[in-house]
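Undergrad: First the structure, then my questions, so here it is.
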Amino acid sequence: MTSPTPLRSTPLRTEQIILFRSSTQIFAISSGSVQEVRSVDSLAGSAAELGDSSVKKVRHVLRRTDRTLYVVNSALHFGLRPSPAALIFLLRRSRAALLVDGIEKMTTMTRLQALPPAFCNEERLWYRGLTVLDQNVIPVVNPLGFLTNEELLQLDAIANPVAAGTSPAVNEAGLSL
Amino acid sequence: MSGLEQLDSRSCVLLRLGDRRFALTADQVVELVAPSRVFRFPNRTKELDGVILRRGRVVPVCDISEPLTGKRMGARRFYLISSRATGLPGDSVAVPVSGDCELIHADLTPAGSDDSPHVAAWLSHNGEVIEVLNLTALTPAGPHTVLSEAETAMPEARA
Numbered sequence: 410m411t412s413p414t415p416l417r418s419t420p421l422r423t424e425q426i427i428l429f430r431s432s433t434q435i436f437a438i439s440s441g442s443v444q445e446v447r448s449v450d451s452l453a454g455s456a457a458e459l460g461d462s463s464v465k466k467v468r469h470v471l472r473r474t475d476r477t478l479y480v481v482n483s484a485l486h487f488g489l490r491p492s493p494a495a496l497i498f499l500l501r502r503s504r505a506a507l508l509v510d511g512i513e514k515m516t517t518m519t520r521l522q523a524l525p526p527a528f529c530n531e532e533r534l535w536y537r538g539l540t541v542l543d544q545n546v547i548p549v550v551n552p553l554g555f556l557t558n559e560e561l562l563q564l565d566a567i568a569n570p571v572a573a574g575t576s577p578a579v580n581e582a583g584l585s586l
Numbered sequence: 009m010s011g012l013e014q015l016d017s018r019s020c021v022l023l024r025l026g027d028r029r030f031a032l033t034a035d036q037v038v039e040l041v042a043p044s045r046v047f048r049f050p051n052r053t054k055e056l057d058g059v060i061l062r063r064g065r066v067v068p069v070c071d072i073s074e075p076l077t078g079k080r081m082g083a084r085r086f087y088l089i090s091s092r093a094t095g096l097p098g099d100s101v102a103v104p105v106s107g108d109c110e111l112i113h114a115d116l117t118p119a120g121s122d123d124s125p126h127v128a129a130w131l132s133h134n135g136e137v138i139e140v141l142n143l144t145a146l147t148p149a150g151p152h153t154v155l156s157e158a159e160t161a162m163p164e165a166r167a
């Protein structure tokens, strides 16, 4: 007599996320897409101000050894009331760094719902989707959605006018509308 | 407007928006839900009020009262969750209504070429001529353009 085959349960697919605050809104970002979290103060010396940026949400540039990062104010990006930012997320595989007000907590999401089709504008670039945590709907940001290719070209032209026309990395980091 | 030319007798849900009554064909109505918390997050689709959470699914809220009657619905409102004939799976919207809804069976007259795009058909009920709404024409069109790179690459994790 053979024993019945035990039922094999499907492992739950989960993703670690960081809940962060920008102005009055809570967002989520995959922790895997955040390379470093730094305080604004700790980067004050290494950030250079961009003169006359036509991309209003970007006021500063960070020059790292391997790349140039544009600091995106998340509140301005999402059209929220500007608020004092305390932290910067340096994003993996992106030329954007993100200014946020603070981290609420780190947690896990088990389900990412696609943005409903009725949302049909820029938010489709901004978000990977929505997740539900403790009966709250939280937008999960797309780490590649903070700067479009066009914005990166404009920023390159200001930050590094000589090399702007030859930058090879633009398409790796930005999205087209 | 699918099938209205062939089927002139249909079940419809009457709904009240302000002082006026409108109808939706019953086959596109999913359910009527009690006043629910509306979650808002930044977006650029101004026709949407936010989303509600229903049975774990996120449903966008679209107040069609303003384009139809010129007034927004009050704070105390129910939501008529309706599917849209866009061909996109799970494409539904929650329409704020007064809660005064009624299921009827009525003969429909197809809309004419002079009617507004939001009119799918007409019905007559208790001496009143009522517009049967084309919800797709009243709500944001949906991502008919190419989906973003992010979305096409998005794995939908499920519990």
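Note that the protein sequences, when read in sequence, are chains A and B.
Residue numbering for the first sequence is 410 to 586, as defined by this note's numbering.
Residue numbering for the second sequence is 9 to 167, as defined by this note's numbering.
Idealized CB from N, CA, C, for every residue including glycine.
What you are looking at is a predicted structure, and each value in this text was computed from that prediction instead of being measured.
For the region 461-539 of chain A, list the alpha helix (DSSP H) runs that are entirely contained and at least 4 residues long, ordered along the chain.
TA: 483-486 and 532-535
Undergrad: Please tell me whether I112 (chain B) and A42 (chain B) are closer than 9 Å, where the distance is taken between their beta carbons.
TA: no
Undergrad: Hey, does L539 (chain A) have any beta-carbon neighbour from chain B nearer than 9 Å?
TA: It does: the Cβ of L539 (chain A) has a partner Cβ on chain B nearer than 9 Å.
Undergrad: Could you please tell me which residues of the region 93-106 of chain B, in chain order, have their CB closer than 7 Å to any CB of chain A?
TA: The region 93-106 of chain B vs chain A, Cβ under 7 Å: T94, L96, D99 and V101.
Undergrad: Closer than 9 Å, CB to CB, is R62 (chain B) near chain A or not?
TA: no
Undergrad: DSSP three-state call for E55 (chain B): helix, strand or coil?
TA: Look at E55 (chain B) here: in three-state DSSP terms it is coil, with no helix or strand label.
Undergrad: Are the Cβ atoms of S503 (chain A) and L428 (chain A) separated by less than 9 Å?
TA: no
Undergrad: Nearest to L452 (chain A) by alpha carbon, out of A:P493, A:G488 and A:L499?
TA: A:L499
Undergrad: Quick one: measure Cβ to Cβ for I60 (chain B) and L146 (chain B), integer angstroms, because I've assumed they're closer than 8 Å.
TA: No, I60 (chain B) and L146 (chain B) are not in contact; Cβ-Cβ is about 18 Å, not under 8 Å.
Undergrad: Does the region 541-548 of chain A come close enough to the region 16-35 of chain B to have 3 or more Cβ pairs within less than 8 Å?
TA: no
Undergrad: Cβ of E149 (chain B) less than 9 Å from any chain A Cβ?
TA: The displayed chain sequence assigns Ala, not Glu, to residue 149 (chain B). Yes - at least one Cβ of chain A is within 9 Å of the one on A149 (chain B).
Undergrad: Within 9 Å (strictly less), CB to CB, does A158 (chain B) reach chain A?
TA: Note that A158 (chain B) scores 40 on pLDDT, short of 50, meaning its location in the model is unreliable; the coordinates nonetheless yield the value given after this. Interface residue, yes.
Undergrad: Note down the Cα distance separating P104 (chain B) from V38 (chain B), rounded to an integer number of angstroms.
TA: 14 Å
Undergrad: Helix or strand or just coil, what does DSSP make of N545 (chain A)?
TA: strand
Undergrad: Ignore the nearest five residues each way along the sequence and tell me which others in L457 (chain A)'s own chain have a CB closer than 6 Å to its CB.
TA: Residue 457 (chain A) is actually Ala in this sequence, not Leu. Excluding residues within five positions, the ones whose Cβ falls inside 6 Å are V470.
Undergrad: S492 (chain A) to A523 (chain A), Cα distance in whole Å?
TA: Pairing S492 (chain A) with A523 (chain A), the inter-Cα distance amounts to about 29 Å.
Undergrad: Start and end of the beta strand (DSSP E) containing D115 (chain B)?
TA: E110 to P118
Undergrad: Could you pull out every unbroken alpha helix (DSSP H) segment of at least 4 residues lying fully inside the region 78-148 of chain B, listed in chain order?
TA: The region 78-148 of chain B contains these whole alpha helix (DSSP H) runs: 143-146.
Undergrad: Could you list which residues in chain B have their beta carbon closer than 7 Å to that of L528 (chain A), in chain order?
TA: A small correction: the amino acid at residue 528 (chain A) is Phe; Leu does not occupy that position in the sequence shown. What F528 (chain A) touches in chain B: N51, T53, L56 and P68.
Undergrad: Please report the residue range of the alpha helix (DSSP H) in which L564 (chain A) lies.
TA: N558 to A568
Undergrad: With a cut-off of 9 Å, does the C-beta of V59 (chain B) fall near any C-beta of chain A?
TA: yes
Undergrad: What number of angstroms, rounded off, separates the C-alpha of R80 (chain B) from the C-alpha of C70 (chain B)?
TA: 11 Å
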